[in-house]
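There are 2 protein chains.
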Amino acid sequence: MAKKKELDINTEAKIKNAAKNVFHKKGFAATRTRDIAEAAGINLALLNYYFRSKEKLFHIIIQETMQDFMKSFHGIFNDEKTTLDEKLELVASHYIDLLVEQPDIPIFILSEIRNNPEELKEKFQSRHLFFESVFAKQFQKEVEQGKIVNLSMSQFMMNLMGLLVFPFVASPLIKATSELDDTAYQEQMLQRKKLFPIWMKRIMYTKEGN
Amino acid sequence: MAKKKELDINTEAKIKNAAKNVFHKKGFAATRTRDIAEAAGINLALLNYYFRSKEKLFHIIIQETMQDFMKSFHGIFNDEKTTLDEKLELVASHYIDLLVEQPDIPIFILSEIRNNPEELKEKFQSRHLFFESVFAKQFQKEVEQGKIVNLSMSQFMMNLMGLLVFPFVASPLIKATSELDDTAYQEQMLQRKKLFPIWMKRIMYTKEGN
DNA sequence: GTCTATAACGTGATAGAC
DNA sequence: GTCTATCACGTTATAGAC
């Protein structure tokens, strides 16, 4: 039988899990190791026993967070069997579900990169991930065919990420300005799963002067 | 004659200016008052003499930053004489110029709001700013006329902010993944001044099944 | 108003008993 | 492995001379 779901058994995992939650919510500078220990239900000394230092623990967390976040892009963007449009639908569906579950991830990654650009950027080696993907080839082909106009690949990627991720980065603001409670906000996000591909296609395929 | 440009005269202003730069770049938790004092070229004690505490100084800075950032929206969105399309062009032109000059503002505001949602959200009372503006009325009218489809006002505002602001929030990442140096990145941003309105119109006015 | 010196406190990390 | 107690240090804030 497979290993039982380890909720309380492994204290190392308990600490890591607590660290993930607290770091994601408050960022490196604002979290105290005591917060993590408390959230894990263990003593402060144990944290250093298992992970040596706050920094070491943090590196593990941000490393895994970035990796987990990016890995789905790779799978979706490099599938030879799906069209460009289908990839957009898959990306929206997958990432909006993910971000509804863990909305703190983008602002966590972005603000930590701001605080440590040189070190963290390289972990995020997404250059080839985006620009040398099957997706990029399909995109380029449609540009050459004149189907896509007024939109380079890099501008397109900014638009994609902006439409996909920004509503989560700005969620506290959106909730406030739109007077949405948590469930109403979440409904809006889920709605975007079907609307995002529509908007992206409009951006790609519409030509001015119709 | 108007008051001379005060670069060195007023030390209070010197401190405030240094605080703005440092806070914008590193956020509240990661900045030390010593950093600010050093950047201002003054002694640490003077900071407390003028502003009592790090927190008080911070509140002044974030307050003014938010206000400065939002105030142009009000002017542009409530002009009865411009059309919806013209407002989009004005917003893009104004804000992209602003953000090229001060790219740290959005990530600063967003990450500080994350760390203190209840307190800071209310300062950002942009509800009526967006949803009770002339812009909102013009938008609503086009929805009723069937010109705008598959796009509510709140979803539209998320898209607008996402396309406008996200490339600056994610600038370190974009520079890394697109292998752009600073000037190339800036050119891309300036290009968006004319592309943004095009894309927004595509999102608003295209109907599926053309 | 501006400085130096220092107090007061919070936080990361460790020693050492169990 | 896990805990309590404590150290070592950095940072905010203030006292007091000038």
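Top to bottom, those sequences are chains A and X. Residue 1 is where the first sequence starts when you use the working numbering, and the numbers rise one by one after that. Residue 1001 is where the second sequence starts when you use the working numbering, and the numbers rise one by one after that. Glycine included, every Cβ here is placed at the ideal spot set by N, Cα and C. Fair warning: this is a prediction, and the values are worked out from it, not measured in the lab.
{"query": "Proximity winner among X:F1196, X:T1206, X:A1029, X:L1195, relative to S111 of chain A (alpha-carbon distances)", "result": "X:A1029"}
{"query": "W1199 of chain X versus D85 of chain A: straight-line alpha-carbon distance, rounded", "result": "18 Å"}
{"query": "Opening and closing residue of the alpha helix (DSSP H) in which N1150 of chain X lies", "result": "Looking at the DSSP string, N1150 of chain X is not in any alpha helix (DSSP H), and its letter there is neither H nor E."}
{"query": "Beta-carbon neighbours of P172 of chain A, restricted to chain X and to distances below 7 Å", "result": "I1113, R1114, P1117, K1121"}
{"query": "Supposed contact pair L99 of chain A and F168 of chain A - C-beta distance, whole angstroms, cut 8 Å", "result": "5 Å"}
{"query": "8 Å Cβ cutoff, S178 of chain A in contact with chain X", "result": "yes"}
{"query": "C-alpha distance - F124 of chain A paired with M66 of chain A, whole-angstrom precision", "result": "7 Å"}
{"query": "8 Å Cβ cutoff, S1072 of chain X in contact with chain A", "result": "no"}
{"query": "With 16 other Cβ atoms within 10 Å as the buried cut-off, status of R238 of chain A", "result": "Nothing can be reported for residue 238 of chain A, as the shown portion of chain A is limited to 1 through 210."}
{"query": "Any C-beta of chain A under 8 Å from that of F1069 of chain X", "result": "no"}
{"query": "Anticipated Cβ contact below 8 Å, A1092 of chain X with P1197 of chain X, distance rounded", "result": "6 Å"}
{"query": "Min CB distance K3 of chain A to chain X below 8 Å", "result": "Its pLDDT being 43, under 50, K3 of chain A is placed unreliably in this model, and the coordinates cannot settle the point."}
{"query": "Integer Cβ distance of K207 of chain A from V149 of chain A, believed to fall under 8 Å", "result": "5 Å"}
{"query": "At least three beta-carbon pairs within less than 8 Å, the region 1176–1187 of chain X to the region 1075–1085 of chain X", "result": "no"}
{"query": "E1101 of chain X versus X:L1190, X:T1083, X:I1009, residue with shortest Cα-Cα distance", "result": "X:L1190"}
{"query": "Chain A residues whose Cβ lies nearer than 7 Å to that of I1107 of chain X", "result": "L110, S111, R114"}
{"query": "Straight-line gap, A176 of chain A to L129 of chain A (C-alpha atoms, nearest Å)", "result": "35 Å"}
{"query": "Complete alpha helix (DSSP H) runs within the region 1034–1094 of chain X (minimum length 4 residues, chain order)", "result": "1044–1051, 1054–1077"}
{"query": "Coarse secondary structure for E208 of chain A, derived from DSSP in three states", "result": "coil"}
{"query": "I1009 of chain X, enclosing alpha helix (DSSP H) - first and last residue", "result": "Looking at the DSSP string, I1009 of chain X is not in any alpha helix (DSSP H), and its letter there is neither H nor E."}
{"query": "Local conformation of S178 of chain A per DSSP, three classes", "result": "helix"}
{"query": "Residues near I107 of chain A in its chain [Cβ-Cβ closer than 7 Å; skip 5 each side]", "result": "V169"}
{"query": "Reference E187 of chain A, options A:D97, A:I15, A:D68, closest by Cα", "result": "A:D97"}
{"query": "Q1102 of chain X, DSSP secondary structure in three states", "result": "coil"}
{"query": "Closest Cα partner of A13 of chain A within the set A:M161, A:I42, A:K71", "result": "A:I42"}
{"query": "Cutoff 6 Å; reference A18 of chain A; Cβ partners in own chain excluding five residues on either side", "result": "I36, A39, A40"}
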